[in-house]
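Heads up, the thing below is written out as structure tokens.
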Amino acid sequence: MERDQNEELRALQDTLYFIGGKWRIPVINSLCNGNRRFREIERSIPGITTRMLSKELKDMELNKLVKRTVYPETPVLIEYEPTEYCRTFGNIIQEMINWGRAHRRVIVEDR
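So for the sequence shown, my numbering puts the first residue at 346; every next one is plus one.
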């Protein structure tokens with residue numbers, strides 16, 4: 346089967362754009378681990394700022410990766426959840442975790 350290198354490059358660039366930045370994957374991972382409220386997500390990701398998390402969640406909502414639900418309570422309750430489309434990325438994240446663990450073992454063993 347002949348591969349189309351230009352198409353593959355476009356697909357890789359789309360994927361890299363999707364996971365771009367250092368916070369997108371940790372936010373997705375947090376959501377997929379059951380964190381729903383803003384502060385829960387924020388506490389589960391060491392080092393992320395409130396401003397950055399807010400920006401990531403807004404961007405992810407625009408890209409159909411996150412569903413935002415506002416409950417008219419006092420105080421207002423807002424919950425976030427990954428869309429089914431977002432969940433399709435879960436296997437890729439798990440493989441990245443597996444690769445990262447294996448890579449760390451290789452690096453530590455060489456020392």
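Virtual Cβ for every residue (Gly too), placed ideally from N, Cα, C.
Checklist entry - Nearest CA to the CA of E424: which residue from L410, Q350, D359 and V415? => result V415
Checklist entry - In terms of alpha-carbon separation, which member of T360, E418, R369 and R382 lies closest to M397? => result R369
Checklist entry - Rounded to a whole number of angstroms, what is the C-alpha to C-alpha distance between R388 and V411? => result 18 Å
Checklist entry - In or out: S375 buried (at least 16 other Cβ within 10 Å) or exposed? => result buried
Item to check | Alpha-carbon spacing of H448 relative to V421, whole angstroms | outcome: 44 Å
Item to check | Bridge partners - P427, DSSP secondary structure assignment | outcome: V411
Checklist entry - Smallest Cα separation from P391: which of R381, D404, S399 and P371? => result P371
Next on the checklist: For a quick check, are the C-beta atoms of I386 and N380 less than 7 Å apart?
Outcome noted: yes
Item to check | Length of the line joining the Cα atoms of M441 and G435 | outcome: 10 Å
Checklist entry - What span of residues does the alpha helix (DSSP H) with F383 cover, start to end? => result F383 to S389
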